[in-house]
Amino acid sequence: VSSLVDDIIMPPIGRLLGNVNFSNLFINLSGTSYPTIDAAKAAGKATLNYGLFLNAVVNFLIIAFAIFLLLRIVNRWLVKPAPAAAPSTRDCPQCAMPIPVIAKKCGHCTSAV
Numbered sequence: 282v283s284s285l286v287d288d289i290i291m292p293p294i295g296r297l298l299g300n301v302n303f304s305n306l307f308i309n310l311s312g313t314s315y316p317t318i319d320a321a322k323a324a325g326k327a328t329l330n331y332g333l334f335l336n337a338v339v340n341f342l343i344i345a346f347a348i349f350l351l352l353r354i355v356n357r358w359l360v361k362p363a364p365a366a367a368p369s370t371r372d373c374p375q376c377a378m379p380i381p382v383i384a385k386k387c388g389h390c391t392s393a394v
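For the sequence shown, this note's numbering begins at 282 and goes up steadily by one.
Structure representation (structure tokens):
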């Protein structure tokens with residue numbers, strides 16, 4: 282994923298923004314100017330590396346999207362519960378005893394249902 286972000290995704294974005302190399306964007310907190318992050322670190326100066334942070338955010342978004350797609354596929358494969366079967370009995374309105382759905386008379390109280 283890092284190679285995808287660093288070598289494929291970020292260069293065209295940097296090109297659109299005026300040939301910006303995102304991995305080399307930083308703010309030097311000591312006030313002196315350095316051409317690269319490596320030069321500032323070699324001098325022992327503190328830097329705020331927001332370009333590397335942007336690369337890490339893009340890495341995270343790509344990984345999160347891939348996991349999201351994977352979970353959607355797995356959820357589709359999971360066994361779904363079978364629909365509930367239609368009830369085979371119902372209660373008699375007179376005596377409240379269970380009777381078959383197709384019954385015309387209750388077998389317990391002999392009332393018409």
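We put the CB at the ideal spot given by N, CA and C, even for glycine.
8 Å CB neighbourhood of residue i in its chain, flanking five on each side removed
i, result
"D372", "M378, P379 and I380"
"C376", "C387, H389, C390 and S392"
Pick from the options that is closest to residue i, judged by C-alpha positions
i, options, result
"I383", "C376, H389, S369 and I348", "S369"
"L310", "F303, A321 and S304", "A321"
"A337", "K385, M291, K386 and T391", "M291"
"T328", "L335, A363, L285 and G312", "G312"
"L335", "K386, P316 and I294", "I294"
Proximity below 8 Å, CB of residue i to CB of residue j
i, j, result
"F307", "N330", "yes"
"N305", "G332", "yes"
"L285", "I343", "yes"
Helix, strand or coil at residue i [DSSP, three-state]
i, result
"N309", "strand"
"A327", "coil"
"P403", "In the structure displayed, the chain extends from 282 to 394; residue 403 sits before or after that span and is not available."
"I380", "strand"
"K386", "strand"
"A393", "strand"
"V360", "coil"
"A320", "helix"
"P368", "coil"
"N340", "helix"
"S314", "coil"
Same chain, Cβ closer than 7 Å to residue i, neighbours up to 5 away in sequence not counted
i, result
"P374", "V394"
"S283", "N340"
"I318", "N305, F307, T328 and N330"
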